[in-house]
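Peer 1: Chains W and A supply the protein sequences, listed in that same order.
Quick note on numbering: the first sequence equals residues 0 to 108 in numbering that gives the first Met the number 0.
Quick note on numbering: the second sequence equals residues 0 to 108 in numbering that gives the first Met the number 0.
Can you read through this structure? Questions will come right after.
Protein chains: 2
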Amino acid sequence: MANKPELMPGTLDMLILKTLARAPLHGYGIAQAIKRLSDDVLTVEEGSLYPALQRLLLQGWAKAEWRMTETNRRARFYTLTPAGRKQLGVELSEFDQMIAAIHRVLQNA
Amino acid sequence: MANKPELMPGTLDMLILKTLARAPLHGYGIAQAIKRLSDDVLTVEEGSLYPALQRLLLQGWAKAEWRMTETNRRARFYTLTPAGRKQLGVELSEFDQMIAAIHRVLQNA
DNA sequence: TTCTATGCATAGACGTTCTATGCTATGGGC
DNA sequence: GCCCATAGCATAGAACGTCTATGCATAGAA
Numbered sequence: 000m001a002n003k004p005e006l007m008p009g010t011l012d013m014l015i016l017k018t019l020a021r022a023p024l025h026g027y028g029i030a031q032a033i034k035r036l037s038d039d040v041l042t043v044e045e046g047s048l049y050p051a052l053q054r055l056l057l058q059g060w061a062k063a064e065w066r067m068t069e070t071n072r073r074a075r076f077y078t079l080t081p082a083g084r085k086q087l088g089v090e091l092s093e094f095d096q097m098i099a100a101i102h103r104v105l106q107n108a
Numbered sequence: 000m001a002n003k004p005e006l007m008p009g010t011l012d013m014l015i016l017k018t019l020a021r022a023p024l025h026g027y028g029i030a031q032a033i034k035r036l037s038d039d040v041l042t043v044e045e046g047s048l049y050p051a052l053q054r055l056l057l058q059g060w061a062k063a064e065w066r067m068t069e070t071n072r073r074a075r076f077y078t079l080t081p082a083g084r085k086q087l088g089v090e091l092s093e094f095d096q097m098i099a100a101i102h103r104v105l106q107n108a
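Structure follows, in structure tokens:
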């Protein structure tokens, strides 16, 4: 039972945007990057990842194109749009605000 | 559209447990406390609150009894059980771990 | 007496994440 | 030549948590 998520709900889009802000990347690579940078704490399942990427495309926060990876495989590379970069800023500050608020509640002994 | 939640999904139970760890309280009071301590950033809607309280009861993390408030109203007071106190510890450390992991991903420029 | 604040509770909609599934293809080892 | 692990995309459906909307009740102030 007790199915604790490998991800904090609501933060996935932000994490993807941040990852893409470093460099264009394909889905698989994004998942790897998040897992690696978080020291294996955050795991992005494919069933979460691809719907999230669709959302980003739909919102105009990223665009996609098929290319070849360094290892000679075809993959869909996602690039952040200016709107996406702006959105990243918004989500980062909202996140910070949320965390700060939660800490205020938690620290009040 | 764009329906940003007033609450970070997955953190509500932790916030309630923490609030009850200070003193037994009724639902309405819990919502007030969280809102006040967070400087109005976190708003707990009733449709989120009461289902959450049911979860806590069901898990044995809190128990409830009807009492009168200071203002002479009948209300259901929730008290943390030992298991609930333990659970609070678990959720706090999981939360910290999550936040730390997210920060690692975000800070990696 | 009417209104506001206090107080509990549920049903249904909605969005996100997870599980499960299916498909393709590359490169290494046997 | 064949198998298998890895890389890679994608969707359907279940599960879950939160929000909107609704209903009910009562104390005290205006």
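Ideal placement from N, C-alpha and C gives every residue a C-beta, glycine not left out.
Name, please, each residue of chain A whose Cβ falls closer than 8 Å to the Cβ of W/Asn-71.
Peer 2: Here the premise fails: no neighbours, minimum Cβ distance about 27 Å.
Peer 1: Rounded to a whole number of angstroms, what is the C-alpha to C-alpha distance between A/Ala-32 and W/Lys-62?
Peer 2: Distance between the alpha carbons of A/Ala-32 and W/Lys-62: 43 Å.
Peer 1: Taking Cβ-Cβ distances shorter than 7 Å, what residues in chain W pair up with A/Arg-103?
Peer 2: The contacting residues are Leu-36, Ser-37, Asp-38.
Peer 1: Looking at the structure shown, is A/Thr-78 part of a helix, part of a strand, or coil, going by DSSP?
Peer 2: Of the three classes helix, strand and coil, the one that applies to A/Thr-78 here is strand, per DSSP.
Peer 1: Got a sec: is the Cβ-Cβ distance from W/Ile-98 to anything in chain A below 8 Å?
Peer 2: Cβ-Cβ to chain A under 8 Å: yes for W/Ile-98.
Peer 1: Does the distance from the CB of W/Met-13 to the CB of W/Leu-87 come in under 8 Å?
Peer 2: Yes. Within cutoff.
Peer 1: Is DSSP giving W/Leu-6 helix, strand or coil here?
Peer 2: Coil at W/Leu-6, not helix or strand.
Peer 1: How would you write the range of the beta strand (DSSP E) that W/Ala-63 sits in, first residue to last?
Peer 2: Run containing W/Ala-63: 61-67, per the beta strand (DSSP E) assignment.
Peer 1: Across the stretch 92-99 of chain A and the stretch 50-67 of chain A, are there enough close Cβ pairs to call them in contact, namely three or more that are closer than 8 Å?
Peer 2: The answer is no - the stretch 50-67 of chain A does not touch the stretch 92-99 of chain A, with fewer than three Cβ pairs under 8 Å.
Peer 1: With 8 Å as the threshold, decide whether the Cβ of W/Gly-28 is near any Cβ in chain A.
Peer 2: So no, W/Gly-28 is outside the interface.
Peer 1: One question on the structure: do W/Ile-29 and W/Thr-42 come within less than 8 Å of each other, judged by their Cβ atoms?
Peer 2: No, the pair does not count as a contact, with Cβ atoms beyond the cut-off.
Peer 1: Alpha carbons only, please: which of A/Glu-69, A/Leu-11, A/Ser-37 is nearest the one belonging to A/Tyr-49?
Peer 2: Ranking A/Glu-69, A/Leu-11, A/Ser-37 by Cα distance to A/Tyr-49 puts A/Leu-11 first.
Peer 1: At a CB distance below 9 Å, what residues from the stretch 4-19 of chain A approach chain W? Give them in sequence order.
Peer 2: Going along the stretch 4-19 of chain A in chain order, one finds Pro-4, Leu-6, Met-7, Pro-8, Gly-9, Thr-10, Met-13, Leu-14, Lys-17, Thr-18 with a Cβ nearer than 9 Å to chain W.
Peer 1: Name, going along the chain, the residues of the stretch 76-92 of chain W whose beta-carbon falls closer than 8 Å to a beta-carbon of chain A.
Peer 2: Result list: Leu-91.
Peer 1: If W/Leu-36 sits next to A/Asn-107, beta carbons under 8 Å apart, how far is it from one beta carbon to the other, in whole angstroms?
Peer 2: 5 Å between Cβ atoms; contact.
Peer 1: Give me, in chain order, the residues of the same chain whose beta-carbon lies closer than 8 Å to that of A/Glu-64; leave out the 5 immediate sequence neighbours on both sides.
Peer 2: These residues qualify, in order along the chain: Arg-75, Phe-76, Thr-78.
Peer 1: Which residue or residues does DSSP assign as beta-bridge partners of A/Arg-73?
Peer 2: According to DSSP, A/Arg-73 bridges with A/Met-67.
Peer 1: Could you check which residue in W/Pro-8, W/Glu-90, W/Gly-26 has the C-alpha nearest to that of W/Gln-53?
Peer 2: Looking at the Cα atoms, W/Gly-26 is the closest of the given residues.
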